[in-house]
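Numbering (the working numbering), first residue to last: 854 to 1683. Following: one structure in structure tokens, then a few remarks.
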């Protein structure tokens, strides 16, 4: 390797190259190497790793590779050693022609991190071509009058090599008339001139022949020969004369075929055939011969094909004017090709990162590319820009090298891929441009949590549902993709709370009720649902699931009043209705409740069965039992009503309440017994009932008299005994004369029935006082520590307070007065 800056700058330059390669902008100078053309495959060129300051292992780890400009790979990089070797033989003449220097450009591209290293290999010419004359025989017609010292231009030999290996010298074989001069053109090429040493004499020698040899400067040198035949012409003493020795012309490279380049003109003072001048192009190289043509009569030089500034910038044409006598003269035509902006810039992509994470920071390198334009001047100056508003920008690197980088943070949810269009244009007039589209896909990062479609999901289920019943679903979406968008669902369990009655499917979000629910136990509940994505780490969101339990008609109405149907042993309660009651008289009110809600708890009342259906009616919504008409004498004194209570559920549920009603003339004690007689007891005829009432009245009066006498005697006896054995009592008994219309209330041990009176005798034994109940009376007793003993006598002597109820014949009134566990003579300790 050799750097053009000189060997003395090699260490510093190499260090600068390495440092510059490590920079994010990746600016680097072009390193230059050289190799002989047609070098064998595997020939060593340079060690790239050494120049980069890397080891072979680092070079291999960073996946170094070569990116060449052409389609054919002439060089190869060994990633393990860093050696740059020849892959294919390179022919300098085939690649570059006569252009000098001949360069093979390439880039060394390093991955992870992305860097590029620009370099070029110069092909040094070897002497593999010998000079060649296009014509093996050169014929010169020289008049015999030519003066010694006259020069004659010879057709040049062609040598494909360049530099020292190109044609360097001409020589001729020994002869008596001529010797050879080698001249140099302005472009460095050499041509031959033949000089006449002494005058020719056609009469002595009409033709002179000798050989000309063209020799290059190679080692060893190569040569080519041709034969020169000099034909001596007869006397023609005037030669043609060009108006100018040098003609200059400018032609645009896009000029079409047959475009006039220049017109040369020569005149001859001779007359006749010796004065007729014809034009021809001599020193004709193959390139000139294919590009230009001349009209032999007019001297107009025209194009045979369009020119290309990028191939040849200037042409030199030798034009010869010959008169009819064979005298000739030469002039030069210099054709300068003017550049036209006819080459579109070319974008060469050297590296592209087709996928890019959305978490990539700004100034991340996406692609590296070069822009080339074969034009010159402003026509060859290029620039790049992006079309449209996109989160990318272009950074200029070395000459013609650019990098596409991110200008801001990407968001895959807004744009998953970008078609980045790069426009490369030159500065010609008009400017030419080219477009290159790069596809960049953005890779997803888990930066979006799931999002529920609703903050609160409301679902309902009817009670008594079947287990694992689906009642709906929750739905959450995630703006990410792939695994990051895969949402799973779960209930959020809270410590200290019971396990929820529902479950959620982790994949579909379907909500299931685990077990049957009871509306009367729970009417609604809320749980939290979490949706988590599959990212790492996962992101989650929560929503509230509210489950409302709908009521089912699974509860029948419950009658609170009247109480349920009594047992066979207990007496049915009665409602008393006076016989003077008119229509609309309130008899009783049926009170019922339903544990359900809504229309399942809307109750309606109707009369299902009655002894006299036309006598009573029931309020549809309030359950009030009223008389439908006035009570008549013919109506049976005992009535039985069955009230049906029904809800409005589907299907409806119902309950019944049974009412016993007694039609009485008043509310005296004589009719209290009716409350405790069975409702279904057969009734005598009206005449028998009247007789029974009379007999009962007489019996009651007699019994009352006897009871009063017995009570007075017993009271006096008790007082005398109490006065003898104990101090005045601090507690006395008295009776109230209020009568209850309800049934008998049977309580526990030691509690008196509130609807009855009892005769009691208080005794003292062992320092305590005992009450012994002798027999019941039809009034209730109350004890007071403030009442005196005299009230007992007053109560016993009061007919209203001491009324005694006797059972009608054939009834069980005495059994109803006292329950089995309260026999006469029971003692209560005070």
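By construction, the Cβ of each residue, glycine as well, lies at the ideal position given by its N, Cα and C atoms.
Limits of the unbroken alpha helix (DSSP H) element including residue i
i            : result
residue 903  : 901 to 905
residue 949  : 945 to 949
residue 1408 : From DSSP, residue 1408 is part of no alpha helix (DSSP H); its letter is neither H nor E.
residue 1143 : 1139 to 1144
residue 913  : 909 to 914
Length of the line joining the Cα atoms of residue i and residue j
i            : j            : result
residue 1267 : residue 1287 : 29 angstroms
residue 1280 : residue 1272 : 26 angstroms
residue 1156 : residue 1105 : 11 angstroms
residue 1228 : residue 1277 : 14 angstroms
residue 1169 : residue 1113 : 16 angstroms
residue 1071 : residue 1021 : 9 angstroms
residue 1562 : residue 1548 : 22 angstroms
residue 1045 : residue 1084 : 19 angstroms
residue 1171 : residue 1053 : 26 angstroms
residue 1343 : residue 907  : 54 angstroms
residue 1274 : residue 915  : 29 angstroms
residue 1251 : residue 1014 : 32 angstroms
residue 1221 : residue 1245 : 13 angstroms
residue 975  : residue 944  : 12 angstroms
residue 1003 : residue 896  : 53 angstroms
residue 1450 : residue 1502 : 10 angstroms
residue 982  : residue 1255 : 41 angstroms
residue 869  : residue 1196 : Any reading at residue 869 needs caution, since the residue's pLDDT is 36, under 50, leaving its predicted position unreliable; the model's value is listed next. Near 35 angstroms, if we compare the C-alpha coordinates of residue 1196 and residue 869.
residue 1559 : residue 1516 : 31 angstroms
residue 1148 : residue 1234 : 39 angstroms
Helix, strand or coil at residue i [DSSP, three-state]
i            : result
residue 1260 : coil
residue 1169 : strand
residue 1352 : coil
residue 1052 : coil
residue 1561 : helix
residue 1472 : coil
residue 1280 : coil
residue 1125 : helix
residue 937  : strand
residue 1589 : Model confidence at residue 1589 stands at a pLDDT of 38, short of 50, so the residue's coordinates are unreliable and nothing is read from them.
residue 1496 : strand
residue 1086 : strand
residue 810  : Outside the modelled stretch of the chain, which goes from 854 to 1683, sits residue 810, for which no answer is possible.
residue 1358 : coil
residue 1438 : coil
residue 1189 : strand
residue 1043 : strand
residue 1030 : coil
residue 993  : strand
residue 1230 : helix
residue 1157 : coil
Residue i vs residue j beta-carbon contact at 8 angstroms
i            : j            : result
residue 1428 : residue 1372 : no
residue 1339 : residue 1387 : yes
residue 1306 : residue 1289 : no
residue 1009 : residue 1064 : no
residue 1496 : residue 1551 : no
residue 1479 : residue 1513 : no
residue 1270 : residue 1293 : yes
residue 1510 : residue 1431 : no
residue 1028 : residue 1068 : no
residue 1285 : residue 1179 : no
residue 1198 : residue 1225 : yes
residue 937  : residue 898  : yes
Enclosing beta strand (DSSP E) for residue i [first to last residue]
i            : result
residue 1202 : 1199 to 1205
residue 955  : Where residue 955 is concerned, there is no enclosing beta strand (DSSP E), given that its DSSP letter is neither H nor E.
residue 1367 : Run containing residue 1367: none; DSSP gives neither H nor E here.
residue 1060 : 1060 to 1069
residue 1162 : No beta strand (DSSP E) contains residue 1162, which DSSP labels as neither H nor E.
#### Entry: Segment contact, 8 angstroms Cβ cut-off, at least three pairs: the stretch 927 to 947 with the stretch 885 to 892
Yes, the stretch 927 to 947 touches the stretch 885 to 892.
#### Entry: Contact between the stretch 994 to 1008 and the stretch 953 to 960 (3+ Cβ pairs under 8 angstroms)
No, the stretch 994 to 1008 is not in contact with the stretch 953 to 960.
### Task
Indicate whether the contact test is met: 3 or more Cβ pairs, each with one atom in the stretch 1458 to 1470 and one in the stretch 1484 to 1496, closer than 8 angstroms.
Because the criterion of three Cβ pairs below 8 angstroms is met, the stretch 1458 to 1470 and the stretch 1484 to 1496 touch.
### Message
I want to know whether the stretch 1443 to 1456 touches the stretch 1468 to 1486 - three or more CB-CB distances under 8 angstroms.
### Response
Yes, the stretch 1443 to 1456 is in contact with the stretch 1468 to 1486.
### Message
I'd like to know if the stretch 1175 to 1190 and the stretch 1080 to 1098 are in contact, where contact means that at least 3 CB-CB pairs between them fall below 8 angstroms.
### Response
At 8 angstroms Cβ cutoff, the stretches touch.
### Query
Can at least three beta-carbon pairs, one atom from the stretch 1363 to 1372 and one from the stretch 1392 to 1407, be found at a separation below 8 angstroms?
The stretch 1363 to 1372, when compared against the stretch 1392 to 1407, does touch it at the 8 angstroms Cβ threshold.
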